[in-house]
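Working notes for the structure below.
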Amino acid sequence: MRKGLADFLLIAIMGTVAGMLLFIIPIFTFKYHLAVNLKFQYDFNEGQLAFLSLLRLPYKGQTAYGILSEWSTNFYRDDDAKSFLKEKLSTILSSNCYKLLNSSAIIVESPACNPYEVTANALVFVPYNPLYLTENFTLVYNR
Amino acid sequence: MISGHNKGLILTTTTIIVSLVAIGVIALLTYLFLSKYLDVNVFVKSLTSDRHAMNLVNILISNENLAYIKDGIIQRGVLDATKIDNVDPRMLGIGYPNTLSIVEVIDVEDCKNQIQAATSVGGVSNKPTCKAWIFVLSSPISIPSLSITSLVKCLGENINAGNWEELFRYTGGQTPDGSIGGLEATVWQPLDIEKCMASTTPLGQPSFFSSSAIVFRGLPTLIRYADGSIHIGRIIVGVGEWT
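Line by line, the protein sequences give chains B and A. For reference, each letter of the first sequence is one residue, going 1 to 143 in our numbering. For reference, each letter of the second sequence is one residue, going 1001 to 1243 in our numbering.
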């Protein structure tokens, strides 16, 4: 009689523990899934809009797009242009950890920092490049 | 040697260990199954409002009533200051049903200059005011006995100007200078808004206010003024929903 009762209690306790585990595991899985999706959506939106805003900014009768477009020609590649890009990037991103680069060089970067959190890309027309007509520019930054 | 007195205890301990191993195996298999083969999309209500906030931002920065238009082409992400000055939210025709959508556009560049100017003259006690706009998007409400007037009144009573840094802590912004419903508008924390939504909502009616980075940080945009100058700004949309 006593043994039967103990077995019954044991089965009940084990069943409860197993049921709780089966219930808890999916909840953690779903929450993680949702959080990642929403963060990805926000990061993508912010990165793209930040890059778009930068490219649209005026600079000496040109735009930042024009500076990057002719970066390889050295025409706009001076300290003024770099200061302009740095100042605007830190304002747009509200961050002091960023890097703007293309396939061959780093255009501007913040000192003593290794950005990795958010990445945005833009294809920029490079008319003076003899090899290809567009080049991929990448903006990476941390918040 | 096992005595007759301890026999039952030993059997029970063995059973417990075997059962725990069995539960562990089941839990592992469940986890592997759920994480690898099962793809379930669950949209909880609070995240729905966050997603709606993001959708609204993307629509607003391309809306012809807010965005700068050059040569007949809408400049996405470039807001026209003159248009925002005269914006009539009812004319935008945007908004989810049974929602409260608060839109804020902040001139971050102006904020930065104001703060720098105030700091350079040691005007710490003299809080600089940033150029900013704030308005509420109207949307159809189908919940009986829900009073938007009561909600706006509650928000007005819960204004906490001392907490402006909370909402604008990333942009370095200050108190906006717009107005809502005749109230001197300043900023609210999402928690204040959620509290007001809950207190003015009919009993048993769930309500949520967006709580993600879209409210705290917003998204980058540009603001074009009538003189042709372009400033860096941020657009922040907070969405509260009754379901």
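Even for Gly, the Cβ is constructed at its ideal location relative to N, Cα and C.
When rounded, the separation of the alpha-carbon atoms in LEU1146(A) and ASN96(B) is 45 Å. For LEU1056(A), DSSP records no beta bridge to any residue.
Any Cβ of chain A closer than 9 Å to the Cβ of TYR65(B) would place that residue at the interface, and such an atom is absent. Across the structure, PHE44(B) and ALA1067(A) are spaced so that their CA atoms are roughly 21 Å apart.
The beta carbon of PHE51(B) is closer than 6 Å to those of ALA120, ALA122 and LEU139 in its chain, skipping five residues each way along the sequence.
Scanning chain B for C-beta atoms nearer than 8 Å to the C-beta of GLY1077(A) yields LEU49, LEU52, SER53 and ARG56, reported in chain order.
Within the same chain, and ignoring the five residues on either side of GLY47(B) in sequence, the residues whose Cβ sits closer than 6 Å to its Cβ are VAL118 and ALA120. In this chain, the alpha helix (DSSP H) harbouring PRO1089(A) covers 1089-1092. Beyond the five residues adjoining it in sequence on each side, GLY1233(A) comes within less than 8 Å, by CB distance, of LEU1079, VAL1105, ILE1106, ASP1107, VAL1108, GLU1109, PRO1220, THR1221, LEU1222 and ILE1223 in the same chain, given in chain order.
Bounds of any beta strand (DSSP E) do not take in GLU70(B), whose DSSP letter is neither H nor E. Residue environment for PRO115(B): buried (at least 16 other C-beta atoms within 10 angstroms of its C-beta).
Exclusion of the five residues before and after LYS82(B) leaves VAL108 as the residues of its chain whose Cβ lies within less than 7 Å of its Cβ.
Annotation: the continuous alpha helix (DSSP H) that includes ILE1084(A) extends over 1081-1085. Neighbours of ALA18(B) in chain A, taken as residues whose beta carbon is under 7 Å from its own, are ILE1023 and ILE1026 in chain order. Any Cβ of chain B closer than 9 Å to the Cβ of LEU1100(A) would place that residue at the interface, and such an atom is absent.
Contiguous alpha helix (DSSP H) elements confined to the stretch 76-126 of chain B occur at 79-93, taking only those with 4 or more residues. Just measuring C-alpha positions, the residue of LEU1100(A), GLY1077(A) and ALA1117(A) sitting nearest HIS1231(A) is GLY1077(A).
In the DSSP annotation of this structure, ALA1132(A) is not part of any alpha helix (DSSP H); the continuous beta strand (DSSP E) holding it starts and ends at 1132-1137. THR1099(A) and PRO1140(A) have their C-alpha atoms some 8 Å from each other. Assigned with DSSP and collapsed to three states, ARG1051(A) falls in helix.
Per DSSP, the unbroken beta strand (DSSP E) holding ILE1223(A) starts and ends at 1219-1224.
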